[in-house]
Every structure is written in structure tokens, then in C-alpha cells.
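Participant:
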Amino acid sequence: MQRESLNIMIGGEAGQGLVTIGQILAKALVRSGYWIVVSQSYMSRVRGGHNTFTIRASAQPLDGPREGVDLLVALNQETLDLHQGELAPGSRVLADRGLSCAAAPCLNVPYAELAEERYLNTVAVGVAGGLLGLAPGLLQELLSAQLHKLSDQVKAENQQALGAALAWLKKQPHDFAPLPPAKEQGRRLMLSGNEAIALGALAGGLKFLAFYPMTPSTSIALTVIAQAQKMGVATEQAEDELAAVNMALGAAYAGAPAMVCTSGGGYALMTEGLSLAGMSETPLVIALAMRPGPATGLPTRSEQGDLNFALYGGHGEFPRAALTPGTVEECFAAGARALRLAEDFQTPVFILTDQFLADSYRAVQPFDLGAIQPVRPGGLEPGPDYQRYALTDSGVSPRALPGFGPGLVVADSDEHGQDGHISEDLALRVVMQDKRLRKHKGLQEAVWPPVFSGPEEAELLLVSWGSSRGPVAEAARGLAAQGRQAATCHFGQVWPLDPAQFLERFQRAGQVVVVEGNAGGQFAGLLRRETGFAAHRLITRYDGLNFTPEYILRQLAE
Amino acid sequence: MVTSEDYGQFETAWCPGCGNFGILKALKQALAASDLAPNQVLLVSGIGQAAKTPHYLRCNCFNGLHGRSLPAATGAALANPELKVVVTSGDGCHYGEGGNHFLAALRRNVDLTVLVHDNQIYGLTKGQASPTSLEGMHTKAQPDGVHSYPFNPVAVAVSCHAGLVARGYAGEVEHLAGLIQLGLAHRGLALIDILQPCVSFNKLNTYQWYGQRVYKLGAEHDPGDWEAAIKLSYEFGERIPLGVIYENQRLAFQDHYSVLQKGPLARQAVDHGILAQVMEGFF
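Chains as they are written, first to last, in this note's numbering: chain A, 606 to 1163; chain B, 3 to 285.
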């Protein structure tokens, strides 16, 4: 049996090393020329519980995850019990001899005979990697890279465990069908959405990052911090999100392109500073990795529930932009783009992502760094008569930095005149508010247009924003295979909107279905409010899991 | 040679007789005596009557949000190590709304000169208790008197090993200017808690009240003696000491950042060659 794609699920307790197994297998697949989409599901605890790391792999390009399991690496009984029902025809379970497989097609691995208990996950890499037909030399190399900080003895014992697992598997009769060999793909990166946002921001000129740890945003900060010294970035773990956003604003005012990363509750604290960014016209990037709310909600799961909060958070009225990348490549582009927009329009810019995309590893082609012009404030020397908020047609005032010339740079959270000094002249208030709001037009002209795919005259148009892009694309392919005229439209930026870029095509489509990961249909509501266009149908999901093509097709069939 | 006049004279929104006038005068004197020109100085403030100070002298200014001046100042200091960053706000801003930031800033020991206009009352909102209001003080919002024990910023700052901890008095301008000058010269966080009468709303802690209690520390006190400083920091009653209570030579927060040794971040180009090497780690 040849497979088009293969789902490998590694399941166990937090602390059993299942992410390490998953990362090594995923990277081995990428190096072998396969495409991957990783979905991680984990509980809000450090030890115990039930977590999974699922890799969908294929020799053909992939857009999203799929349901079902073809190879289940069960590190405990709970994984077997919970996921047996998802096993697809021709699947295999790798389980310790002590576990009860019932009717599942198990390959019982004698972990204790193959290596010491602490090398259990290395044995799992060996057996699973062997079943997948991955080259032993590649697995050895990736295992060494994973263990580079450990002692030579530990490295040697791990390699022994890997060798024992591969040798054991050779002696086992099994008819598990791996993927067909993949074509050589050249060098590709394996990146998660959050890593891509961080690297994109570094490419775009990021010089300052402050954060307070919050799942699922923390890995953005950790990726920046790991490269901060090399890349000339100052970072700080703030005492709270109020501090993080105000540190970023202070840094940006003084000339360091700045970003904060957070999730719903942390962003709630940041809204005060968001409003300050709007009033003081200070560039600010907020990477908001969404998880289900309200309040603490489901801290480690996925949702697209904070779109309205991003668009309307902060007191008063001020311009903003919201990027909603749907792929890892778009996450990278958004990291750089957000810094550019924030600097050019001196206002806050969001990157909205969610737990699914944040933690989803993919194989991506190397980026063309030469195509990115990093932001570089400080080109303008403040002269003796410099006015921070000089009136202009675009609403954007030439931005100089304090200390970079004889003039003074005065920024204020109170209403102020062109010189930045506090004012309660009510006529001036109107002039200054109009100035700030004029920047919306420029932001709208700079918007990333939505991306259409599929037939021009579609009977069905599936609309996505953010991480639902991939599952929607796969669902549309499924519909096309059934002979349906299905097209897709993905919004990589949801604010501002330019109806000229999409409205006419929406009106021509037979049925427009908005697919978004929240209960209320927040983007569908935004579309209606901004264009008057009411989507014919809404497909929502708010159980903490990401969309899958199967889920979308099931909903459409109802 | 910089003079006080270089910092200008502006009309203010303060009440006649306000302690802020003395603080403003002392600040200008200290900046001039430190030979700092207005364009080298960044004043960061929050919200309140004290936080309007940056509008009343020539300087770079980031007048941010209530309670958030310390994080904004920290960010600016980490972006441009060449700026002399001075924070000026009131007791409500620093010790109330911004309490968590105050603790964190002391622990970080960021190179900032922090002036707290401590009038033991909320002035701009017309006379409610502040964190430093004395127990029993009556206000319209606390008609039965303040029930909470007063916050002791000096003791907290000494306990957190802030770089320099001093107390000044708005009624002693020359002495205060000297303290601010010491703060500007100190590499690390210099907290100057400044007793300041509020002539409109604080009828308890008046010029007369402070005048009868304050005294200037002499050579008998060694600011390097932490235990003596802790003990002295609790002297606030019949006698209130003015001067440097505590000083250490902890490394300033900025000095931990190698990237800041190369000057302002805005002057450092983004190196895509290095980023390409970083990307190698993800293949």
C-alpha cells in the first residue's frame, strides 16, 4: 500500500521526552525530502497528563494537518486508550511490551531489553525512524546534534540505544508501508510559526523585545533571546505585561524597533500601553498568540478568538494594522512586515497567530534576506525647531530620535500640539486627532491583499484568515476531487481591509463560507460591518483544537 | 558651560506655593551643574501634577502613562545608553499604580535618576490618600482616616539594594540640587524621595510640619553601611533625615548588555550576514 501522506503521533506524559522524539523524526523527514505539518497538543502542566506531537508527512507539498493516525508511538497506556479509535487502515502502534494493545495492530517493543529506561525516547526514535525507512546515518547525526551539550558517555550510550533499536526492528517481521521515497529538495529549514515570527522580526530590524512569559507566545521571545547578542538586540523579561509594553514604547521612542509577544490575558494588560502607542505615535509590534478564553481559558490550546479584542482593544481611537499569517512562510514575512508598517506609520501593528501555528513545524525554503529592507530609525537629525508631531497630509510626522541632534523630541500621552507639549486647546485636539487618524489611509494602501486560489467562478468560496489557511486549502482540494467548483480566499492581513481587493469576487461566488476558529464569527462580522457583505455560512471551531480538512468537510456536509 | 537658564522658564499648571517649584528649580540647577545640555537629557514621567515637570523645562520628554514611567525609562535607557535618563513623577505614580515596576526597577538597578515628588497625597485628583499618607489622615475618600500603614519607599529601596537611595525636601532647594547631582553622577538607579508639601490638599504634612522635623545627615552616617541605612530608613516621625541614606557600587543594569557597549541601538546596522548564519541552525 502506497500512502499519499502519513500521520505519526507520539503520545505520552509531559516530561517523557515526546517532543524530542518528534523533533528528531520531523527533522529527519525534512532532511529526507518530505514535507511536514506538525500539530502539538499539550496540557497546562510540567509533568504527567497527556500530550501528543503529531507529524503529517508526505513526499508532496502539504498545507495542513489531517485526522487519523498511521503510526502511533505510545509512551504510555493512556495514549493507547485515547487514540486507538483514530488508527487508520494499515496503521501500527509502537508500544512497550508491558502495555495492553487489545485489538490494535501493535509492534511490542522490548524497551527494557534494548536500553536503560532513561534512553526510552532514543529507542522510540530508532524503531519509529526505522519503520519510516529513514536512513540510520541521518538519525545518528540528528541525535548527536540534539545531545551536543551532554557528556561523551551519554552520547555514546544514546547511540548504542539507537543502534539496538534499529537492529531489533530488522529482525521483526512487519508489513508497515512507509511513504514513497521523496525527491531531493535541497536544504530546507524546519521552523515553527513562532520561530518564523521571531526570525522575520530580526530580519526586519528588531532591536528590542520585552515580554512576560505566556503560552503559546513564549517561544517567540526565547527564539529572539537565543540570537539577541549576535543580532544586537536588547531583551528583557519584564515584571508584567504592563511593564513589557511600556519598555517597548520607551525603547522605540529612543530608536530601537521594538516588539512584545503575549497571549490574551497578557494583551489585556497591554491595552493601556497600546493606546499610548496610538497617542504618542510610537512604533510598536504586538505578536499576539491566541488561545481559548475568556480569562485563563484553555491555556495550551488553540483558538482565533481575540480578533475583535486586537482590533478594538485600547481606549480612544487610533489607527492600527493586524497581520494574520496562515503559514510559517507568512509568519516570517509578517515579522518583518509588522516592523516596517509600525515604523512607517508610527502606530501599533499586530501579528495574530494561535497555538496551532505557533507550535507547528514545517519544512520551508530558505528566505531571501536580500529582499527585506530592515527598518532603521534615526536618519533624521532633530534640528533646533524640530516638532515631533508636525502636521502632514499623510498624518505621519517625520520621526527624529532624542539625543541625535540639537533639537528636542517631546512625546506625550496627553493631547498635545505639534511640539509634543500638553494642551487642552479643544480646537487643536480635533486637528491632532484628525492627523493621527489620517494614517489609516496609508495603512490601507499598504495592506497585504487577500490571496485567492481556485476557479474564478466558484460555486463555493471558502474564506480563511490566520492558521485556518492550510486546512481550508486542503478542504478545497477535497471538494475539487469530488467535482465541486471550490475556491479559497485567505486574508494574511485582516485590518485595514480594502474591499476593492475582494468584494466583487465574493459577490460573484455561489456561496461564501467563512472558516474561523471562534464561536461568534468575528471576521465574518468584520466583513459585514466594513463592506455590507454577509457571508452565506460560517464554520467555527472553539473546542481548543485547530481546523482539519475533515472537520471542514463534515461541517459543509451537514 | 550649561546654565539653569538653558533649561528655560515656562508657565506651569501648578498651584502657587506648590513644592514642585522647588523641585523644578533644584533639577535645573543639578542638570546645569552636571554640565548636561537639554538634548542629552531625557525626562520620563507618568501622570499627575509632578509628572507634568518635563513640560516645564527644555529637554527630551516621554510623558507616558500613570505608574508606567519606570518601564518606559528602562526601555529608553536600554535603547540609547548615551541618553541621561531622569524619571520624575509622584508618590501615587511610583508607589501606588507603579508599585510592581518600582520593585523591579530597584532590583534591576537601571542607570536612572528617579525623582519622586512625595507629597503624601493625590493632588491632581483633588486630595485622596496616597501610599505614603500617614495612618489616620482624613480625606474625602478616607473620612474615617487612612487605615493602611504608610509605604516606606526608602526602606524598600535600601532592602532591594538600589544603587543610591536618598531623601530630599522641596523646601531645601540647594541641598536637594546637590542630591540630584549625586544621583545623576551615580552609575545605577538613584532614588531620591523628595518630601513635598501639597498646599491645596495635604493640611497635615505642611511646610511647617516638615520644617520642624527634617535634619541633614552629616559625616557620622556611612551610606556604604547597609545595616545602618536600613535602621536610618525607618526614622520618619519626630525627626526625618535628609541626604544620602545608602549607596553601593552594584553593576548598573545596562552594563550587563554587551550590545549596549557599542552605543545606541539605532546606530547599529542590522547584519543579514549574521542572520543567515543563525538560520543555519534551523536546517
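C-beta: ideal position from N, C-alpha, C; glycine also. Computed from a prediction, not measured in an experiment: that's the story for all the values here.
Distance cutoff 7 Å, beta carbons only. Does A:Lys835 sit that close to anything in chain B?
Facilitator: Working through the first sequence from its first residue, we reach residue 835 of chain A at position 230. A:Lys835 counts as touching chain B.
Participant: Hey, does B:Ala53 have any beta-carbon neighbour from chain A nearer than 7 Å?
Facilitator: Here residue 53 of chain B refers to the residue found at position 51 when the second sequence is read from its first residue. Not one chain A Cβ lies under 7 Å of B:Ala53.
Participant: Ordered along the chain, which non-local residues of its own chain (more than five positions away) have a Cβ less than 6 Å from that of A:Ala995?
Facilitator: Taking the first residue of the first sequence as position 1, residue 995 of chain A is located at position 390. Result list for A:Ala995: Ser1002, Gln1023, in chain order.
Participant: Use the C-beta contact count for A:Ser610: other C-beta atoms within 10 angstroms, 16 or more gives buried, fewer gives exposed.
Facilitator: For the purposes of this step, residue 610 of chain A is taken as the residue at position 5 of the first sequence. With 16 or more other Cβ atoms within 10 Å, it is buried.
Participant: Taking 7 Å as the CB-CB cut-off, is B:Asn111 touching chain A?
Facilitator: Taking the first residue of the second sequence as 1, we reach residue 111 of chain B at position 109. Chain A contact via Cβ: absent.
Participant: Could you list which residues in chain C have their beta carbon closer than 8 Å to that of A:Gly1012, in chain order?
Facilitator: Given the protein chain composition of this structure (A and B), no chain C is represented.
Participant: Any C-beta of chain A sitting closer than 7 Å to the C-beta of B:Val280?
Facilitator: Here the question's residue 280 of chain B lines up with position 278 in the second sequence. It does: the Cβ of B:Val280 has a partner Cβ on chain A nearer than 7 Å.
Participant: What residue range is occupied by the uninterrupted beta strand (DSSP E) comprising A:Ser663?
Facilitator: What you label residue 663 of chain A is simply residue 58 of the first sequence in a count that begins at 1. Counting along the chain, the beta strand (DSSP E) containing A:Ser663 begins and ends at 653 to 663.
Participant: Is the region 1090 to 1104 of chain A touching the region 925 to 945 of chain A, taking contact as three or more C-beta pairs under 8 Å?
Facilitator: The region 1090 to 1104 of chain A is in contact with the region 925 to 945 of chain A.
Participant: My parser needs the alpha helix (DSSP H) runs of 4 or more residues fully inside the region 134 to 207 of chain B; what are they?
Facilitator: The qualifying runs are 155 to 161, 175 to 187.
Participant: Using alpha carbons as the reference points, say which of B:Gly24, B:Met139, B:Arg169, B:Gln214 lies closest to B:Leu184.
Facilitator: Indexing the second sequence from 1 puts residue 184 of chain B at position 182. Considering only alpha carbons, the answer is B:Arg169.
Participant: What residues from chain A crowd round B:Phe64, counting only those whose CB sits closer than 7 Å?
Facilitator: As a working mapping, residue 64 of chain B is identified with position 62 in the second sequence. Chain A residues near B:Phe64: Gly855, Tyr858, Ala1016.
Participant: Answer with buried or exposed for B:His149, where buried requires no fewer than 16 other C-beta atoms within 10 angstroms of its C-beta.
Facilitator: Here residue 149 of chain B corresponds to residue number 147 of the second sequence, with the count starting at 1. Exposed, by the Cβ-count rule.
Participant: Who are the neighbours of B:Cys61 on chain A, taking C-beta pairs under 7 Å?
Facilitator: To locate residue 61 of chain B, count along the second sequence from 1; it is residue 59. Those within 7 Å of B:Cys61 in chain A are Leu1013.
Participant: Against chain A, with Cβ distances strictly below 7 Å, would B:His274 count as a contact?
Facilitator: In the second sequence, the residue the question calls residue 274 of chain B occupies position 272. Chain A, which has a Cβ nearer than 7 Å to the Cβ of B:His274, makes this yes.
Participant: Please state whether the Cβ-Cβ distance between A:Arg636 and A:Leu784 is less than 7 Å.
Facilitator: Looking up residue 636 of chain A in the first sequence gives position 31. Looking up residue 784 of chain A in the first sequence gives position 179. Contact flag unset, no.
Participant: Compile a chain-ordered list of the residues in the region 249 to 263 of chain B whose CB is closer than 8 Å to at least one CB of chain A.
Facilitator: From the region 249 to 263 of chain B, only Tyr259, Ser260, Val261, Leu262 have a Cβ closer than 8 Å to chain A.
Participant: Between the region 1103 to 1119 of chain A and the region 932 to 943 of chain A, do at least 3 Cβ pairs fall closer than 8 Å?
Facilitator: No: the two stretches stay apart, fewer than three of their Cβ pairs being nearer than 8 Å.
Participant: Using a Cβ-Cβ distance cut-off of 7 Å, determine whether B:Gly77 contacts chain A.
Facilitator: Residue mapping note: residue 77 of chain B aligns to position 75 of the second sequence, counting from 1. It does; some Cβ of chain A falls within 7 Å.
Participant: Would you kindly report the start and end of the unbroken alpha helix (DSSP H) that includes A:Tyr872?
Facilitator: Position 267 of the first sequence, counted from the first residue, corresponds to residue 872 of chain A. Here the alpha helix (DSSP H) through A:Tyr872 covers 869 to 885.
Participant: Skipping 5 residues on each side, what residues in its chain have a beta carbon closer than 6 Å to that of A:Gly1012?
Facilitator: Stepping through the first sequence from its first residue, residue 1012 of chain A is reached at position 407. Excluding positions up to five away in sequence, the list reads Pro987, Gly988, Pro989, Tyr991.
Participant: Name, please, each residue of chain B whose Cβ falls closer than 7 Å to the Cβ of A:Cys1026.
Facilitator: As a first step, residue 1026 of chain A must be located in the first sequence, where it is residue number 421. Before going further, note that residue 1026 of chain A is His rather than Cys in the sequence given. Those within 7 Å of A:His1026 in chain B are His57.
Participant: I'd like to confirm the pairing. Which residues does DSSP put opposite A:Arg697 in its beta bridges?
Facilitator: Locating residue 697 of chain A in the first sequence gives position 92, counting from the first residue. Paired residue(s): A:Leu676.
Participant: If we count Cβ pairs, one from each stretch, closer than 8 Å, do we get three or more for the region 88 to 95 of chain B versus the region 52 to 68 of chain B?
Facilitator: Yes, since at least three Cβ pairs between the region 88 to 95 of chain B and the region 52 to 68 of chain B fall closer than 8 Å, the two stretches touch.
Participant: Just to confirm before moving on: does the CB-CB distance between B:Thr141 and B:Gln122 stay below 7 Å?
Facilitator: For this step, residue 141 of chain B is matched to residue 139 along the second sequence. For this step, residue 122 of chain B is matched to residue 120 along the second sequence. No.
Participant: Listed from N- to C-terminal order along the chain, which residues in the region 804 to 832 of chain A have their beta-carbon within a distance smaller than 9 Å of any beta-carbon of chain B?
Facilitator: Cβ contacts with chain B come from Leu804, Leu807, Ala808, Gly809, Gly810, Leu811, Lys812, Phe813, Ala815, Ala831, Gln832.
Participant: For chain A, find out if any of its Cβ atoms is closer than 7 Å to the Cβ of B:Asn102; answer yes or no.
Facilitator: Indexing the second sequence from 1 puts residue 102 of chain B at position 100. Cβ-Cβ to chain A under 7 Å: yes for B:Asn102.
Participant: So A:Gln1090 and A:Leu1065 are supposed to be a Cβ contact under 8 Å. How far apart are they, rounded?
Facilitator: Locating residue 1090 of chain A in the first sequence gives position 485, counting from the first residue. Locating residue 1065 of chain A in the first sequence gives position 460, counting from the first residue. Their Cβ separation, rounded to whole angstroms, is 7 Å, which keeps A:Gln1090 and A:Leu1065 in contact under 8 Å.
Participant: For A:Gly898, which three-state DSSP category applies?
Facilitator: Position 293 of the first sequence, counted from the start, is the residue given in the question as residue 898 of chain A. Here A:Gly898 sits in coil by DSSP.
Participant: Kindly identify the DSSP beta-bridge partner or partners of A:His1095.
Facilitator: For this step, residue 1095 of chain A is matched to residue 490 along the first sequence. Bridge partners of A:His1095: A:Val1056, A:Ser1069.
Participant: Count the CB pairs spanning the region 222 to 234 of chain B and the region 49 to 57 of chain B that are closer than 8 Å, and state whether there are at least three.
Facilitator: The region 222 to 234 of chain B is not in contact with the region 49 to 57 of chain B.
Participant: Please list, in chain order, the chain B residues whose beta carbon lies closer than 8 Å to that of A:Leu796.
Facilitator: Position 191 of the first sequence, counted from the first residue, corresponds to residue 796 of chain A. Within 8 Å Cβ-Cβ: Phe284.
Participant: Going by beta-carbon coordinates alone, are A:Gly1071 and A:Gln909 separated by less than 7 Å?
Facilitator: On the first sequence, position 466 is the one that residue 1071 of chain A refers to. On the first sequence, position 304 is the one that residue 909 of chain A refers to. In this structure, A:Gln909 lies closer than 7 Å to A:Gly1071 by Cβ.
Participant: Could you tell me if A:Lys788 is buried or exposed, where buried requires 16 or more neighbouring beta carbons within 10 angstroms of its beta carbon?
Facilitator: On the first sequence, residue 788 of chain A is found 183 positions in, with the first residue counted as 1. Counting Cβ neighbours within 10 Å, A:Lys788 comes out exposed, since fewer than 16 surround it.
Participant: Run through DSSP, which three-state label would A:Glu1163 get?
Facilitator: Within the first sequence, numbered from 1, the residue matching residue 1163 of chain A stands at position 558. Coil, per DSSP.
Participant: I'd like to check one pair, A:Lys1044 with A:Gly1008: are the Cβ atoms closer than 7 Å?
Facilitator: Against the first sequence, residue 1008 of chain A aligns to sequence position 403. Against the first sequence, residue 1044 of chain A aligns to sequence position 439. No, they are not a contact pair.
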